[in-house]
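Worksheet: one structure, shown below.
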Amino acid sequence: MVHRGRLAQPGRCQFRGAAGRHHLETDPRRCDAVTPDHCAELLRDADPDRFACVLAAEPRDRGRLATLYAANLEIAQAALASKEPLIAQMRLQWWADQIGAMSEGSAPLRHDVATPLFAAWGPAIAPLVKLIEARRHDAMREAFQSEVAVLNYIDGCTGTLMRLAAQACGLTGQEQLIANQARGAGLAAWLGAYPSLRALHLGLEDDSPARLADLAAPGLAALDSARRARPRPPRRAAPALFAGAGARRKLRAIRDGKAVQISEFSVKYAYTALALWGRWQG
79 MVHRGRLAQP GRCQFRGAAG RHHLETDPRR CDAVTPDHCA ELLRDADPDR FACVLAAEPR
139 DRGRLATLYA ANLEIAQAAL ASKEPLIAQM RLQWWADQIG AMSEGSAPLR HDVATPLFAA
199 WGPAIAPLVK LIEARRHDAM REAFQSEVAV LNYIDGCTGT LMRLAAQACG LTGQEQLIAN
259 QARGAGLAAW LGAYPSLRAL HLGLEDDSPA RLADLAAPGL AALDSARRAR PRPPRRAAPA
319 LFAGAGARRK LRAIRDGKAV QISEFSVKYA YTALALWGRW QG
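Straight run, no breaks: the sequence shown in the numbering used here ends on number 360.
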């Protein structure tokens with residue numbers, strides 16, 4: 079299975095995440111051992127879908143994908159690092175400042191993820207600031223007031239991430255395909271994690287089953303539109319476009335008012351299909 083493949087592992091670095099060192103800086107003595115492979119290892123348990131994407135990518139693209147996805151993980155953790163919105167906002171601002179510096183060609187403060195991110199991307203990582211701005215909603219721990227607000231959030235988070243991933247994998251001129259795939263994949267992930275999000279006060283203000291079903295339907299429509307898009311994206315872009323294991327099944331279950339159940343076999347099959355055949359559609 080895909081998960082048995084391993085990238086070369088660097089020297090062991092203790093990962094403290096967004097809630098770790100003061101000001102999120104890393105001990106400079108440890109930074110020399112931090113590489114894109116280290117970033118990929120951070121994803122193994124925390125974000126297995128994107129870990130599978132890194133392993134399935136062409137070798138020339140893995141460094142950019144691994145560092146991008148690790149930064150996404152760090153930013154998501156930073157937004158939820160504290161129940162105090164001000165503290166969480168400060169941690170997000172640290173990331174915004176580092177991305178701002180990178181966009182101008184300046185190296186960020188030494189950090190387990192920011193340092194290899196800049197090495198892999200340079201100023202081209204500038205659009206990631208849009209994801210940080212979307213994540214500020216998480217820091218406030220406030221429910222969404224409407225479906226439109228959720229869609230805007232998904233577009234800011236998953237949309238920004240997938241556009242950058244597509245760039246890393248050489249996909250150009252397919253903006254609408256990327257937008258549709260990101261919306262479908264993002265809604266599947268958001269709705270699939272809804273019980274946990276609700277517990278953090280990050281769900282819908284009115285979250286009746288009918289309201290959630292109303293969100294699942296456009297997610298399915300978006301995935302369908304992406305699948306029908308022509309010209310078909312090249313095999314190289316498949317890891318960037320991967321919708322996540324069981325994405326379509328999650329959306330159908332929520333649309334139909336059923337429990338979301340994705341078996342381990344289905345997950346492993348999705349990862350294998352991505353790696354062997356470039357199946358990204360969800």
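No residue lacks a Cβ here, since even glycine has one placed at the ideal position from N, Cα and C.
| Asked | Found |
| --- | --- |
| With 16 other Cβ atoms within 10 Å as the buried cut-off, status of L278 | exposed |
| Member of A260, A149, P312 whose CA lies at the smallest distance from the CA of V207 | A149 |
| Backbone secondary structure at L290 - three-state DSSP | helix |
| Same chain, Cβ closer than 6 Å to R99, five either side skipped, listed in chain order | Caution is warranted here: a pLDDT of 40 is assigned to R99, below 50, making its placement in the model unreliable, and no coordinate value can be reported. |
| Spatial neighbours of A134 in its chain, beta-carbon cut-off 6 Å, leaving aside the 5 residues before and after | P317, L352, A353 |
| Nearest-angstrom Cα separation, counted from L301 out to V258 | In the sequence on display, residue 258 carries Asn and not Val. When rounded, the distance between both Cα atoms is 6 Å. |
| First and last residue of the uninterrupted alpha helix (DSSP H) at S274 | 272-277 |
| Residues sharing a beta bridge with F222, DSSP | L282 |
| C-alpha gap between R327 and D127, whole angstroms | 15 Å |
| Contact under 9 Å by Cβ, I210 with A260 | no |
| Option in A304, R314, L293, G335 with minimal Cα separation from Y231 | L293 |
| Any alpha helix (DSSP H) of 4 or more consecutive residues that is wholly inside the stretch 217-264 | 225-232, 238-246 |
| Alpha helix (DSSP H) segments (min. 4 residues) lying fully within the stretch 123-180 | 126-134, 137-157 |
| Beta-carbon gap between A295 and L255 smaller than 9 Å | no |
| Nonlocal neighbours in the same chain, by C-beta distance under 7 Å from E283, ignoring five residues either side | A221, F222, Q223 |
| Endpoints, alpha helix (DSSP H) assigned at S344 | 342-355 |
| Nearest neighbour of L170, chosen from A288, L146, G281, A212 [CA to CA] | A212 |
| Pairwise C-alpha distance: R330 and L195 | 36 Å |
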